[in-house]
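I have placed the structure first, in the form of structure tokens, so that the comments after it can refer back to it.
Residue numbers (full-length UniProt numbering): 1 to 403.
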């Protein structure tokens, strides 16, 4: 924003008007504000304001044991909470030098890719709603519900999942969970195809999105964009491919890339990413069958709570239970950074550790916070109706703006 100064015209004779877009406007899909200077329906300038739901997660994390920070990550991008959860777990595993079994990696990949699909369903569905097409959104919501039922079968939660643990998962996937995953992978491709048929060559949708808010690769990189927005601008950067984690290097998938970074390109990239996620999930299901079925956690008793019956009857289990709950686990004095490919881009965790029971400092690299900084300058000269469409395609999640 420093390179794009905003001047508000306070002259009472001026024909310009000031419009508050947010913080509670339904078109923002979140609690954040844009103060716009308008010339009729055209935006002259604007200022983006965040902080309405600031919850001080980074500061709270400095006073919690590592395993109790997971619920905080749920509330960043709550449309794809499992990616946040597992990104944090992998950060602590990097700190502690924990190597997870292959089966755990594959289980995580399945859940993270399901979360990516759920997130893109919401983003592209809402983009359709904001262009006047409600049908696709309602149709796709049924299948987001199926993903939530998979979450529920695995961890008992749906939105803020708190799924998994440092070192793996709290419990194994049961047969019902695997059956639901396979059912979804089999049914969803046809649904996605129908969704694309509703929009991809729809003249009204194309007129509303094609050529709207184009962004060059150079501009996107200069603003540190990542994820579908950067790829829509023509840059094939994906953390899963560039800095693989959870054995992603073993999977065969493509990185969808757009042409001119406009709203239409972002829509197409997200649709194609859902297809690639399905492809990855199918590979992960095949790989899991070749691994021991009873493995769902690394052998790290310092971080994994033992079964309650063992705590009652085994002194060693009781000691580990006490140390974990009280945060009395020794960790290295160092700094680590770990990033995963979130649904909106690179989700990073920068952890400074002093060997204590809690992080000395923890910073979340929230992709929506990074991506949103460009919204006001890129809206200058744009019609208000186009600015709404642009905001939808950025998929700004308010929980990622304020940490």
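Think of the CB as a built atom: it goes at the ideal place given N, C-alpha and C, for glycine as much as any other residue.
query	result
To the nearest angstrom, how far is it from the Cα of residue 92 to the Cα of residue 296?	17 Å
Assuming contact is defined by CB atoms lying nearer than 8 Å, are residue 162 and residue 18 in contact in what I supplied?	no
If you check the beta carbons only, do residue 23 and residue 33 fall under 8 Å apart?	yes
Could you tell me which whole alpha helix (DSSP H) segments of length 4 or greater appear in the region 72-98?	81-96
In whole angstroms, what is the alpha-carbon distance linking residue 289 and residue 113?	18 Å
Measuring only the C-alpha atoms, how far is residue 14 from residue 20?	18 Å
Tell me where the beta strand (DSSP E) around residue 43 begins and ends.	42-49
Taking DSSP as the reference, what is the three-state secondary structure of residue 164?	coil
I'd like to check one pair, residue 400 with residue 72: are the Cβ atoms closer than 8 Å?	no
Using a Cβ distance threshold of 8 Å, determine whether the region 218-235 contacts the region 264-275, with at least three qualifying pairs required.	yes
Can you tell which of 278, 277 and 233 has its C-alpha closest to the C-alpha of residue 257?	233
May I ask you to verify whether the region 311-325 touches the region 125-136, counting CB pairs closer than 8 Å and requiring at least 3?	no
Since residue 209 and residue 139 are thought to touch, with beta carbons under 8 Å apart, how far apart are those beta carbons, to the nearest angstrom?	No, residue 209 and residue 139 are not in contact; Cβ-Cβ is about 19 Å, not under 8 Å.
Who pairs with residue 297 in a beta bridge, going by DSSP?	168
Take the Cβ of residue 108 as the centre, count every other Cβ of all protein chains shown within 10 Å, and call the residue buried at 16 or more, exposed below.	buried
Residue 345 and residue 370 look like a contact to me (Cβ under 8 Å); what is the Cβ gap, rounded to whole Å?	7 Å
By the 10 Å Cβ neighbour count, where 16 or more other Cβ atoms means buried, how is residue 89 classified, buried or exposed?	buried
Does any CB atom of chain B fall closer than 8 Å to the CB of residue 315?	Absence of chain B from the displayed structure is noted, only one protein chain being present.
Taking 8 Å as the threshold, find out whether the region 248-255 comes into contact with the region 194-210 through three or more Cβ pairs.	no
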